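To start, the structure under review is shown below, and the notes come after it.
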Amino acid sequence: MNYQLIIGWLYPDLMSTYGDRGNIIVLKKRCEKRNIEAQVKNITLETHHRELEKCQLIFMGGAQDRQQKLAGSDFLKNKGPVVKKMVEEDISALFVCAAYQAVGHFYRPYQGADIPGLGIFDLTTIHPGDQAKRLIGNTVGEIINISGMYRKTIVGFENHGGRTVLGSKIKPLAKVLHGFGNNGEDGYEGAIYHKAIGSYFHGPILAKNPHLADWLITSALEVKYKRAIQLEPLDDTLEWQAHEFMLKRLGVSHD
Amino acid sequence: MIFPLVLIGKLIYFISNTFNLGSGGTWPGEVALYFQPKILDYFFSQVKKGIILIAGTNGKTTTARMLRQILTQFDKGHYRVIHNDSGANLLNGLVSAFIQQSSWIGKIDTDWAILEVDENTLSLVISNLKPQTSNKQKVIVVLLNLFRDQLDRYGEIDVIAGKWSKALKKLPKDAKIVLNADDPLIAHLGMTSRPGLKAGVYYFGIDDTKSFLPEMEHATDSIFCLSCGNRLSFEGIYYSHLGIWRCEKCGEKRPEPDISKWSSPLPGLYNQYNTLATVIVAKSLGINDKQIKEALSDFSPAFGRQEEFVVNSKKIKIFLSKNPAGFNESLKTVLSLRARQLLFVLNDYIPDGRDVSWIWDVDFEMIPSNVKVIASGERAFDMGLRIKYSMKQLRVIQNLKEAIYSGLEAIKKGETLYVLPTYSAMLEVRKILKGRKIL
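Respectively, the protein sequence lines represent chains A and B. Following my numbering, the numbering of the first sequence begins with 137 at its first residue and continues without gaps. Following my numbering, the numbering of the second sequence begins with 520 at its first residue and continues without gaps.
Printed below as a string of structure tokens:
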């Protein structure tokens, strides 16, 4: 029997700014190469939330402010509560950048009122002010809190003004080896809760981190088919060359 | 005291040129601005006829060059023009262009200044403009488009548009604003309902249903109404988010263009827009259709923009491709020219943007399976990875010289190797080809 997976892409035309589409391309292709039938369902403003309920893996990416506001009210009212329930039921999910902030309790801009989030993740984000430095650059983390990873490092690029602080009910995804991570202070990057990951490694985080992509696919299949699943290995030479290139450039020796 | 600053600037320019330091485009201006922040005012006030500012994500250089060609060549060229043609488009680049072309005491003898201006510098330049009403100095601002581009450096396009909107209100009544009707974000800047806008607004846009895309591309930005936030309806899209748009909810719609047809001297739909923008400006200056056509008949693009080299009877053509919208358009153009071998060169230095995530917004999937691809540049592996996931025939060759050489070997005599590089990569490719180091 072939496995089947429905990947839900939340707001592909609003929350998609920094090459976020890369994650969808990578997830789909890595499934197809293993004969896992992957279908991508675009969940837009107009999509009914019942369509979202059919998904077994969720992705939501970054956005510009105006687009985020447009998506934000729909997310808060319609799609978000569904996502919250799904995450609690161990559905795999990846929230990047603005989406990572949106699944927290609130985002506090440097002026104006707090923007409420879904509270799926126990975290809050505060923008420290107009003059505060944006946290921009290439970055490396060491995965913690996921067991059985065959490689520990993750590489990416971050570009965010908000500083995120985790609460007690959630764990960080990684330790920062280079760059800023959640807030540039506590040395942690991203968050993991049930089978859902949040990260500031924006855009195509999964392209150069195939182990993370495979963890999401495995988790999604295991929940759907209710048994342990071992994915067939793929030829990831180029993936790891791109990964190693960044480790080397940033002078991080690891693994 | 302007005189010593100009003198120092000219010396820097001279030294930089003599020793080929490659910094003549910005350093003279940088130094002059440090001592005299208002030096641009001083130069502007000497321009006899007027100042033309050109801004937008893609097409600034080509548009400025077309306009310069018309102004200097029509009727055997009686206008003198200053243009920052080195591509340096920050404040220091603009000042440098003036210093380079002024006399030793800072006097300028020019009719027009055509300035390509960086997205985030435009507001500053506009606030520097104090048109000389005594001699009826003209001010024209041309806004071509806004696409996502180097977000780590430029920021979000809505923020840029917001700054532009404020700056445009400072322009006087007799200034002209030339806007792209097909870009909802740009067109919105000129909506007559906008309070405080005094300058005259003119639109260019394309009316050609045959050029509509069969489906929307991925890298679209401004597809929601700027007035009410509703999703825009498109009668058709030419590329990215440029098309014939309207909002069903509040009724805001693409303005009727003042010009929509003109034969472009260069291939590519993006050059059609550049041409329309150029022509509407030229016409507004009283230059007639025949004069414009004649002046543009032998137009050749700037370096790195469809620039051609010949090596051993094989052609190499360079298409600068630095953001998703531009890259998609370059790809479409080279595929329509029946490319067989492509070379993508991805760098991540300051002029390219340090973040290479944007390559995942380019529609490489459009490349047919019989077209071969080589990925190179500082971020060759990242580019290669993107191509790998679009399932193309791929080779990754980090060394650029080797990559060019391999690309040439893979084609027959008479065929063309198409190179699509980011900005600094384009300079490297040219250096290799000009130095003929690979032969």
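Beta carbons: idealized from backbone N, C-alpha and C, even for Gly. All values derive from a computational prediction rather than experimental measurement.
Discussion item. If the cut-off is 8 Å on Cβ atoms, which residues from the stretch 861-890 of chain B count as contacting chain A, listed in chain order?
Written reply: Arg873, Asp874, Val875, Ser876, Trp877, Ile878, Trp879, Asp880
Practice prompt. Go ahead and pull the three-state DSSP assignment for Arg672 (chain B).
Written response: helix
Item to complete: State the DSSP-derived secondary structure class of Met910 (chain B), mapped to helix, strand or coil.
Response: coil
Worksheet item: Does Gly748 (chain B) have its Cβ less than 8 Å from a Cβ in chain A?
Response: yes
Worksheet item: If you count every other CB in all the chains shown that lies within 10 Å of the CB of Asn918 (chain B), and 16 or more means buried, which is it?
Response: Exposed is the call here.
Item to complete: Using three-state DSSP, classify Val661 (chain B) as helix, strand or coil.
Response: Of the three classes helix, strand and coil, the one that applies to Val661 (chain B) here is strand, per DSSP.
Worksheet item: Would a check of beta-carbon distances place Ile756 (chain B) closer than 8 Å to chain A?
Response: Chain A, which has no Cβ nearer than 8 Å to the Cβ of Ile756 (chain B), makes this no.
Item to complete: List the residues of chain B whose Cβ lies closer than 7 Å to the Cβ of Gly155 (chain A), in chain order.
Response: One finds Ser876, Trp877, Ile878, Trp879, Asp880 in chain B with Cβ atoms closer than 7 Å to the Cβ of Gly155 (chain A), taken in chain order.
Worksheet item: Which class does Val825 (chain B) belong to by DSSP, given the choice of helix, strand or coil?
Response: The sequence given here has Gln at residue 825 (chain B), not Val. Strand.
Discussion item. Just to confirm before moving on: does the CB-CB distance between Gly277 (chain A) and Leu230 (chain A) stay below 8 Å?
Written reply: Taking C-beta atoms as the reference points, Gly277 (chain A) and Leu230 (chain A) fail to come closer than 8 Å.
Worksheet entry | Three-pair Cβ contact test at 8 Å for the stretch 691-706 of chain B versus the stretch 603-610 of chain B | With a cut-off of 8 Å, the stretch 603-610 of chain B and the stretch 691-706 of chain B do not count as touching, because too few Cβ pairs lie within range.
Worksheet entry | Sequence-distant residues of its chain with Cβ nearer than 7 Å to Asp628 (chain B) (five each side left out) | Arg599
Fill in: Of the listed residues B:Pro940, B:Leu904, B:Phe818, B:Gly926, nearest to Ile341 (chain A) (C-alpha basis)
B:Leu904
Worksheet item: Opposite Gln175 (chain A) in the DSSP bridges: which residues?
Response: Per the DSSP secondary-structure output, Gln175 (chain A) pairs in a beta bridge with A:Ile142.
Discussion item. Closest to Asp867 (chain B) by C-alpha separation, out of A:His241, A:Phe381, A:Asp350, A:Gly387, would be which residue?
Written reply: A:Phe381
Worksheet item: The alpha helix (DSSP H) spanning Met382 (chain A) covers which residue range?
Response: 373-385
Practice prompt. Count the other C-beta atoms from every protein chain shown that fall within 10 angstroms of the C-beta of Leu530 (chain B), then say buried if there are 16 or more, exposed otherwise.
Written response: exposed
Worksheet entry | Distance, Tyr246 (chain A) Cα to Asp266 (chain A) Cα | 6 Å
Worksheet entry | Buried versus exposed call for Lys956 (chain B) [16 or more other C-beta atoms within 10 Å across all chains shown] | Because Lys956 (chain B) carries a pLDDT of 44, less than 50, the predicted location of this residue cannot be relied on, and the following value inherits that uncertainty. Looking at its Cβ environment, which holds fewer than 16 other Cβ atoms inside 10 Å, Lys956 (chain B) is exposed.
Worksheet item: Using DSSP with H/G/I as helix, E/B as strand and the rest coil, what is Ile353 (chain A)?
Response: Ile353 (chain A) carries a helical assignment under DSSP once its states are collapsed to helix, strand and coil.
Discussion item. Within 8 Å of any Cβ in chain B, is that where the Cβ of Glu265 (chain A) sits?
Written reply: The sequence shown places Gly at residue 265 (chain A), rather than the Glu named in the question. It does not; no Cβ of chain B falls within 8 Å.
Practice prompt. Would you verify that the beta carbon of Glu736 (chain B) is, or is not, closer than 8 Å to some beta carbon of chain A?
Written response: no
Item to complete: List the endpoints of the continuous alpha helix (DSSP H) containing Gln619 (chain B).
Response: 610-620
Discussion item. If we require 4 or more residues per run, which alpha helix (DSSP H) segments fall completely within the stretch 288-353 of chain A?
Written reply: none
Worksheet item: Would the beta-carbon of Ile306 (chain A) fall within 8 Å of that of Tyr324 (chain A)?
Response: Ile306 (chain A) is not a Cβ neighbour of Tyr324 (chain A), given a cutoff of 8 Å.
Discussion item. Would Tyr236 (chain A) and Ser335 (chain A) be called neighbours here (beta carbons separated by less than 8 Å)?
Written reply: Pairing Tyr236 (chain A) with Ser335 (chain A) gives a Cβ-Cβ distance under 8 Å.
Fill in: Spatially closest choice to Ile742 (chain B) from B:His707, B:Pro784, B:Ser779, B:Leu804, by CA coordinates
B:His707
Item to complete: Please classify Glu368 (chain A): does DSSP put it in a helix, a strand, or coil?
Response: coil
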